[in-house]
Amino acid sequence: MAAVANVPLVKVSINDVEIEVPKGELIVESVKRLGLEIPIFCYHPRMKPVGMCRMCLVEVGFKQQDGSVRKMPKPQAGCTLPASEGMVVYTDTEPIHADRRGVLEFLLINHPLDCPICDRGGECPLQNNTMAYGPSTSRFIELKRHLPKAFPLSTYVTLDLERCIQCGRCVRFTEEISGDHDLAFRFRGADMQPSTFQLTDFESKFSGNVIEICPVGALTSAKYRFRARPWDLETTPSVCTVCSNGCNVWFDHRAGKFVRINGRANEAVNEEWTCDKGKFGHEHYNAADRPTQPLVRQGDGFAPTSWSGAYDPVLAAFAEGGDRVAALVGPRVSNEALFLLRRLFERAFKSARVSSNWRRTPGSGSVQGTIADVESGGPVLVFGTSLADDLPIVHLRLRKGATNAGARVVNAFSRPTEVDRFAAVSLHYRPGSELALARGLHGLLAGTGATAEAVEAETGVPADRLREAVEVLKEGGTALSSQGLYDLSDGPQIVEALAGIARATGGRSECWATGANEQGAIELGLAGEGATATLQACAEGRVKALWLVAADPFALHPDRALVERALETVEFLVVQSPVGSEALAYASVVLPTALPAEQDGTYTNCERRVQRVQPAVPPPGDGKPDWRVFSECLLRALPETPLFNPREVMEAIAAEVPAFAGCRYEALGPEGTVLGGNLLDTPDEPAMVGGQA
Amino acid sequence: MSELIQIGAARPKAPQPQDLTLRWSERAVEELEALKGHYPDLKSLILPALWISQREYGGHLPPEGIAEVAARLQRTYAEIEGVATFYSMYNTAHAPGRHMIEVCTCLSCHMCGAYRLADILEEKLGVKMGETTEDGVFTLHEVECLDACDRAPVIQVGPDYLDPQATLQDEGGEAKMRAWVDRLIDDLRSRPEPSSVRLADTVVQVHVRATER
Ligand code: SF4
Ligand code: FES
Ligand code: FES
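This is the structure in C-alpha cells:
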C-alpha cells in the first residue's frame, strides 16, 4: 500500500532497523520497505486481510522505558498487524522459524503433495514456502482427506479440492473484487471447500483471476492444463488486444507458440486483473487455419506465391484508383499500421476511402477522463451498456468506486446487468427507448420543464426511479457509455443527449470505444465513411477494388446479405488477415499477417492511453506485420523513402497527427501514456517494453 | 460430490432468480418484511431468514430453500449456501425424520449415563446415531452440551428439552430410563407435526417482535 499523503508517520523497528512508516500500514507491507519478505498465503495486497493461514507470523514487542524490548507472549499475524509507534518486529528469529515450520506442517497434513502432476508446480507459493521454511519430512502417517480432483468448475477453471489450503483468496476475490460472489466456503473445518452454489457453473466474467491468485494448485486453468511446465515457458510483457481496455498481461509462450495469458500490473489500467474474454481469448494464435503464405486466385482455388508476386496484382488493381478503391480495417490493427494504410491510400491510390467504423451510425465517442478516474467516487450514470461485457476493467473500477469510495451509480440498461448489484438506482427501460430516456434524464437534470411521468410513459421506467436517479446525478454525475451506442439507429443523438447530461451535472461525458484500437483509428482520422457505406458502394459496383485489413466483415457487420453482395460484386478483393475467415473464399489475393503479439506496434485504449506491444512469438509461415505490408507497398508505389520500422512510423504520426504530438516510443513509460496528457514534457526514459524495433 | 468427474464436462448452470419457484407462505414473507427493520442491511438477516426457510420447507433446507433465501435477500446463492452449510442446526445435508432426537453426550450428561441412554434409544428405534428409522419418523443424533446440565442426561426434540429424571447411578436408574424411552417413543409417534418445524418456528418467533406478528 503506497503512503497516503496525510497519514502520520510512526517509527517502527524491524529486525533492529528503525524505519518510519505510515501509521496503520500492515507490517507485512512495512517489511518490504527494507527489502525483507514475510511468507504469506492468504494475504493479498488488493484485498482485505483476514489472517486465515497463519503463515505470516512475526514476533512483536514494544520498547520499555529502560530501552529493553518486551515481546508479546505469542507471535502475531503480520498481515493483520497495523504499524504503530514504537513497535518492534522480528521476522527472522528462531521461535518464528519454528512457528513457520509448524504452520506448514499443519497445512501439509491434508495436502496431497502431488506436485509432480500439478500444473502449479514450479510457480507455487506453497512449494516455495515449504522449500524455504518448511519441514523436510512429514510426521503424518494417518489417512489424508480425499476429495474430487480435477473438478471442472467451469469451462475455464478446474478445481482440485484436495490441494486447497482454505486461504479464502478465491472466495474473497469474488466477494471484494469481481463482486459476483459466485464462490463461497461450504461446510466447515477440514471439510471446508471453496465452491459455487451446488457446484453449478462458475459463471463469473472474471473467473480466470482466481487461478492466478490461488497460492496452491487448487484452481488451475482448464485451457492451460498440462500444456507446459512453468520453467519451460518464456514470457513477454504484452497488452491484451481483445477489447479496448488494454489490460497489461504476460504473454507466455513455449517454442514459439502461445501458451497462456497472465495479468500484469499496471495501476493505471487493470491493476493486475484480467477478464475472462482476454485471459482465455488468445487461442486463435494457435489456430490451424491461419494463412501462412501469400495466395493469388487461380480459377476456383488459390496458388501460393511470393510476397512480390502478391504485391504486383494488388498495386496494379489499386493504383490511382481514387474513389473506386477502398479499405476496411478491423478493430485490432496497430496505430502504426493504420497510419501507413492511410498514407498508402492517400498518396499512392489517391483515395480517402479508408474506414475503420463498423457501427451502424457514424460517431467518435467522447473521452474526457481516465479509467482510474472512474473509481474516484463521484456519481456515475452507466448508460446503454453492459459494462462487464463491453468494458470489463472499467466495470471493476466502477465497482471499486462504489464499494470503497461510496460512488453512487445509476445503471440504465434494457435488462439487468452486473452493475445492478452495486448500483444505487437501476433504470430498466424498454428496448428502443434509449434516446427518450437520455433526453428525458437530460431534461430533468437541466430543469427544462420535462416531467418524470412523461419520461415514464415513453420508456417504461417508473417516475420515482427517475427522480431518484436525478437526485443521485445532479451533483457532478458522469455519463459513462460505450460506443456500442452507435449500433443503434439514433446513436449520435443519444451520445449528444448524454453529453448534455454531463454538462447539466458538471460531470464528465465518457463514451468509450470497445475495440482494441477503435479509439486509435478515431484519433488517426480513419473512422471514414463507415463500413456500411463502403460495402454498399461495393455492392453497387461503385468500388472496384476492396482491401480488408484484419477484418472479417461477416463477423463485424450485422447485414450478412449486404456483405455477401459486396464481396461478390467487387472486382478485386484483398484479404489481409492473420486468421482464417469466411471472407477468404472471396479473395483475389490473400496476404497473411501477424497478430498483435507477433509484431511491434502501439494501441490506443479506450482512455486514449497509447501502449506498446512487442513481438513475443513469430507469425506462422511467411506472415508479415501489417505495417510492413503497407510500408513495402509504399516503397513499390512511390518514389519516396518509406518508413522502415514502427519507431519511425510513430515519429511520423507524432509529426502529422496533432493528437499524437510528442508521442515517441521512448516517451511511453511503463504504464503507457495518455494522449494529450504529459507527453510533451516526458524526459527520455527507456520504455519498459524495450527491444529493437 | 461423489460422481465421477470428467474434465471438460460442462457444469449445469444455477437457476436465474426469476426462474425459481418461491414456496414461502404469506406469513413467512410478512415475518421477513418485519425482520428487515431489525438490521442495518439484508446480509445480517441471513440466519433468521434461513430459519424461516427451514420451517417453510418442512424442517429441511434443500438447495431450493437456500436459493429462495438468496432471492429474497438479493444475495448470491453461494453466499447463503456457505452460511447455511456452516451451521449444524440447518438441515442442509438430508431431510431429518419427523422427530429428531438429539442426545447430549457432553461431560455432565456422559457422567449421568448419556451413552447408556443413547444405547437404549438405538436399540428401541433400531437405528444408529445419525440415522433415520425406515418409517421416517425418528432421526437420532449425538450433540454437544445442551446447556441443561442440571437435567442430565438430557435430550432435545425440536424446541423441547426432555429428560428421564433418572441417572444411571440411581437405584433402578436404567430400568427407569427404559420405561421413559418407551413412553417417549409412543408419545412422539402420536404427534404429527415435525419437531424440526416446531423448532424453526420457535426460533423465528424469538426474532419477530410481538407487535409484528
Ligand atoms: S482454492 Fe486456492 S485460493 Fe481458494 S481457498 Fe483454496 S487454496 Fe485458497
Ligand atoms: S498471510 Fe497472514 S494469516 Fe495468512
Ligand atoms: S452436558 Fe449435557 S446439557 Fe450440558
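Protein chains in written order, with my numbering: chain A, 72 to 764; chain B, 1113 to 1325.
Where is the CB? At the ideal position from N, CA and C, for every residue including glycine.
is_contact[residue i, chain A] using C-beta, thresh 9 Å
{"i": "B:D1131", "result": "no"}
{"i": "B:E1142", "result": "no"}
{"i": "B:H1161", "result": "A quick correction: the sequence has Ala, not His, at residue 1161 of chain B. Chain A, which has no Cβ nearer than 9 Å to the Cβ of B:A1161, makes this no."}
{"i": "B:A1183", "result": "no"}
{"i": "B:I1178", "result": "yes"}
{"i": "B:A1207", "result": "no"}
{"i": "B:R1310", "result": "no"}
{"i": "B:P1152", "result": "no"}
{"i": "B:P1175", "result": "yes"}
{"i": "B:Q1118", "result": "Because B:Q1118 sits at a pLDDT of 49, beneath the cut-off of 50, its placement in the model cannot be relied upon, and the following sentence gives the value as read from the coordinates. Closer than 9 Å to some Cβ of chain A, the Cβ of B:Q1118 qualifies, so yes."}
Residues bridged to residue i (per DSSP)
{"i": "A:I85", "result": "A:V88 and A:V160"}
{"i": "B:Y1273", "result": "B:Q1268"}
{"i": "A:I593", "result": "None, per the DSSP bridge assignment."}
{"i": "B:M1212", "result": "B:T1251"}
{"i": "A:S266", "result": "A:A255"}
{"i": "A:L366", "result": "A:P375 and A:V661"}
{"i": "A:F322", "result": "A:T307 and A:I332"}
{"i": "A:Q147", "result": "A:V129"}
{"i": "A:T673", "result": "A:R683"}
{"i": "B:Q1186", "result": "Its beta-bridge partners do not exist; DSSP assigns none."}
{"i": "A:V496", "result": "A:V481"}
{"i": "A:F731", "result": "In DSSP, A:F731 forms no bridge with anything."}
{"i": "A:T744", "result": "A:V681"}
CB contact below 9 Å: residue i versus chain B
{"i": "A:P765", "result": "Since the displayed chain A opens at 72 and closes at 764, residue 765 of chain A lies outside it and no answer follows."}
{"i": "A:L254", "result": "yes"}
{"i": "A:T245", "result": "yes"}
{"i": "A:E274", "result": "yes"}
{"i": "A:R234", "result": "no"}
{"i": "A:V242", "result": "yes"}
{"i": "A:L746", "result": "no"}
Burial state of residue i (16 or more Cβ within 10 Å)
{"i": "B:Y1169", "result": "buried"}
{"i": "A:I212", "result": "exposed"}
{"i": "A:K471", "result": "buried"}
{"i": "A:M759", "result": "Confidence is the limiting factor: at A:M759 the pLDDT is only 43, short of 50, which leaves the residue's position unreliable, though a coordinate-based value still follows. Per the 10 Å Cβ criterion, exposed."}
{"i": "A:T585", "result": "buried"}
{"i": "B:Q1277", "result": "exposed"}
{"i": "B:S1307", "result": "buried"}
{"i": "A:L644", "result": "buried"}
Neighbour list for residue i in chain B, Cβ cutoff strictly below 7 Å
{"i": "A:T226", "result": "A1122"}
Where residue i meets chain B, residues with beta-carbon distance less than 9 Å
{"i": "A:Q237", "result": "Those within 9 Å of A:Q237 in chain B number zero; the least Cβ separation is about 13 Å."}
Chain-ordered neighbours of residue i on chain A, where CB pairs are closer than 7 Å
{"i": "B:E1279", "result": "Correcting the residue type first, residue 1279 of chain B is Thr in the shown sequence and not Glu. None at all; the shortest Cβ gap to chain A is about 32 Å."}
{"i": "B:T1323", "result": "Result: empty, since nearest Cβ-Cβ is about 29 Å, beyond 7 Å."}
{"i": "B:Y1189", "result": "F268"}
Contact under 9 Å by Cβ, residue i with residue j
{"i": "A:C677", "j": "A:Y382", "result": "no"}
{"i": "A:N319", "j": "A:R331", "result": "no"}
{"i": "A:A408", "j": "A:S426", "result": "no"}
{"i": "A:I572", "j": "A:S580", "result": "yes"}
{"i": "A:A154", "j": "A:G106", "result": "no"}
{"i": "A:F244", "j": "A:I188", "result": "no"}
{"i": "A:D262", "j": "A:R216", "result": "yes"}
{"i": "A:C124", "j": "A:C238", "result": "yes"}
{"i": "B:E1234", "j": "B:M1223", "result": "no"}
{"i": "A:C609", "j": "A:L627", "result": "no"}
{"i": "A:I109", "j": "A:V88", "result": "no"}
{"i": "A:F454", "j": "A:L606", "result": "no"}
{"i": "A:P689", "j": "A:P663", "result": "no"}
{"i": "A:A507", "j": "A:E524", "result": "no"}
{"i": "A:R361", "j": "A:G651", "result": "yes"}
Contact set between residue i and chain B, taken where Cβ atoms lie within less than 8 Å
{"i": "A:E539", "result": "Going along chain B, no residue has its Cβ under 8 Å from A:E539, so there is no contact; the nearest lies around 17 Å."}
Chain-ordered chain A contacts of residue i [CB-CB under 8 Å]
{"i": "B:E1193", "result": "A255, R257, F268 and Q269"}
{"i": "B:T1073", "result": "Here chain B has residues from 1113 to 1325 only, and residue 1073 of chain B is not among them."}
Per-residue contacts from residue i into chain A (C-beta, under 9 Å)
{"i": "B:A1126", "result": "D253, T267, F268, Q269, T271, D272 and E274"}
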